[in-house]
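Visitor: Would you mind keeping the following structure in view while I ask a few things?
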Amino acid sequence: MEKLSVEILKQIKSNTQIRYQQDDNCVVISVHGPYQIGSQKANQQAILDIQIKFEQDKSLELQLKSIFEQALNLQEYPQQQIRVSCIIQINTINIFSTLCNGIMIALLHQGISMSKSIYSITIANTRLVFQQITNDLLFIDNKKTQSIDQTMDQIKEGISKTQLFEQWLRSYLYEYYVNNNLL
Numbered sequence: 016m017e018k019l020s021v022e023i024l025k026q027i028k029s030n031t032q033i034r035y036q037q038d039d040n041c042v043v044i045s046v047h048g049p050y051q052i053g054s055q056k057a058n059q060q061a062i063l064d065i066q067i068k069f070e071q072d073k074s075l076e077l078q079l080k081s082i083f084e085q086a087l088n089l090q091e092y093p094q095q096q097i098r099v100s101c102i103i104q105i106n107t108i109n110i111f112s113t114l115c116n117g118i119m120i121a122l123l124h125q126g127i128s129m130s131k132s133i134y135s136i137t138i139a140n141t142r143l144v145f146q147q148i149t150n151d152l153l154f155i156d157n158k159k160t161q162s163i164d165q166t167m168d169q170i171k172e173g174i175s176k177t178q179l180f181e182q183w184l185r186s187y188l189y190e191y192y193v194n195n196n197l198l
């Protein structure tokens with residue numbers, strides 16, 4: 016199984032900051048909000064803003080924003096903004112999955128309501144995002160041309176890895192809640 020770890024750097028009412036390590040990648044993710052924006056005429060659901068400083072792949076911000084707009088219950092935060100900032104500390108390979116999984120964990124720590132929890136895995140050059148428990152494929156992005164059989168094999172491998180991640184996440188959250196007397 017992958018090397019996974021979470022370190023909470025800051026956790027106050029309106030701001031959570033974590034360091035998340037997945038394999039040899041390490042990111043620091045901050046979640047600010049939700050906080051009130053504008054007047055009554057403002058957008059009726061939350062605005063999600065994801066910022067990543069990563070020159071090598073500008074598509075990361077848009078892809079992750081699209082994924083998390085599907086996963087979050089944005090209508091539960093009328094006229095509010097949720098801002099996610101990501102700093103990549105160590106990038107060896109497959110930073111997309113590390114960012115996606117780290118953002119999900121940071122949002123959970125901030126108490127942001129999600130309609131589905133997700134898990135991302137990158138196999139070869141294919142980025143996969145699954146909805147946990149049901150293993151529905153929410154997102155796929157392949158950077159190179161390959162056969163449908165190769166893609167299907169990658170999806171099957173991704174599904175088996177989502178189950179391992181789900182077990183790790185449950186034990187991590189249980190330990191966190193027990194250690195902080197939150198149960």
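Numbers 16 to 198, taken from our numbering, label the letters of the sequence shown in order. We put the CB at the ideal spot given by N, CA and C, even for glycine.
1) Return the CA-CA distance between Ser112 and Tyr134, expressed in angstroms with no decimal places.
2) Of all the options Asn140, Ile27, Asn40 and Lys28, which has the alpha carbon lying nearest to the alpha carbon of Val21?
3) Could you give the distance in angstroms between the alpha-carbon of Asp168 and the alpha-carbon of Lys28?
4) For the alpha helix (DSSP H) containing Gln85, list its first residue and its last residue.
5) Under 7 Å, do Ser175 and Ser100 count as touching if we go by C-beta distance?
6) Give me the Cβ distance between Val193 and Gln104, rounded to the nearest whole Å; I'm assuming they're in contact under 8 Å.
7) Using 10 angstroms around the beta-carbon of Arg185, count the other beta-carbons present and answer buried if the total reaches 16, otherwise exposed.
8) Determine the DSSP secondary structure at Gly126, reduced to helix, strand or coil.
9) Do Leu79 and Ile62 come within 7 Å of each other at the CB atom, strictly closer than that value?
10) Is the distance from the Cβ of Phe180 to the Cβ of Ile82 below 7 Å?
11) Anyone know if the C-beta pair for Arg34 and Leu19 falls short of 7 Å?
12) Are there 16 or more other CB atoms within 10 angstroms of the CB of Gln51, so buried, or fewer, so exposed?
13) Would Thr160 be called buried (16 or more neighbouring beta carbons within 10 Å of its own) or exposed?
14) If we ignore side chains and look at the alpha-carbon of each, how far apart do Met16 and Lys131 end up?
15) Could you tell me the boundaries of the alpha helix (DSSP H) in which Phe69 lies?
Guide: For this structure:
1) Position 97 of the sequence shown, counted from the first residue, corresponds to residue 112. Position 119 of the sequence shown, counted from the first residue, corresponds to residue 134. CA-to-CA, the gap between Ser112 and Tyr134 works out to about 8 Å.
2) Along the sequence shown, read from residue 1 onward, the residue named residue 21 stands at position 6. Residue Asn40 is the option with its Cα nearest to Val21.
3) Stepping through the sequence shown from its first residue, residue 168 is reached at position 153. Stepping through the sequence shown from its first residue, residue 28 is reached at position 13. Counting only the Cα atoms, Lys28 lies some 43 Å from Asp168.
4) As a position in the sequence shown, residue 85 is number 70, starting the count at 1. Element bounds for Gln85: Ser74 to Ala86.
5) As a first step, residue 175 must be located in the sequence shown, where it is residue number 160. As a first step, residue 100 must be located in the sequence shown, where it is residue number 85. Not in contact: Ser175 and Ser100 (Cβ atoms no closer than 7 Å).
6) For this step, residue 193 is matched to residue 178 along the sequence shown. For this step, residue 104 is matched to residue 89 along the sequence shown. Rounded, the Cβ-Cβ distance is 28 Å, inconsistent with contact.
7) Translated into the one-based positions of the sequence shown, residue 185 becomes position 170. Under this definition Arg185 is an exposed residue.
8) Against the sequence shown, residue 126 aligns to sequence position 111. In this structure, Gly126 counts as coil in the three-state DSSP scheme.
9) Locating residue 62 in the sequence shown gives position 47, counting from the first residue. Locating residue 79 in the sequence shown gives position 64, counting from the first residue. The answer is no: Cβ separation not under 7 Å.
10) Position 165 of the sequence shown holds residue 180. Position 67 of the sequence shown holds residue 82. Result no, Cβ atoms of Phe180 and Ile82 do not sit closer than 7 Å.
11) Locating residue 34 in the sequence shown gives position 19, counting from the first residue. Locating residue 19 in the sequence shown gives position 4, counting from the first residue. No.
12) Taking the sequence shown and counting its residues from 1, one reaches residue 51 at position 36. Exposed.
13) By one-based count along the sequence shown, residue 160 stands at place 145. Per the 10 Å Cβ criterion, exposed.
14) To locate residue 16, count along the sequence shown from 1; it is residue 1. To locate residue 131, count along the sequence shown from 1; it is residue 116. Interpretation of Met16 is limited by its pLDDT of 48, a score under 50 that renders its predicted location unreliable; the figure taken from the coordinates is listed afterwards. Between Met16 and Lys131, the C-alpha separation is close to 23 Å.
15) By one-based count along the sequence shown, residue 69 stands at place 54. First-last for Phe69: undefined, no H or E at that position.
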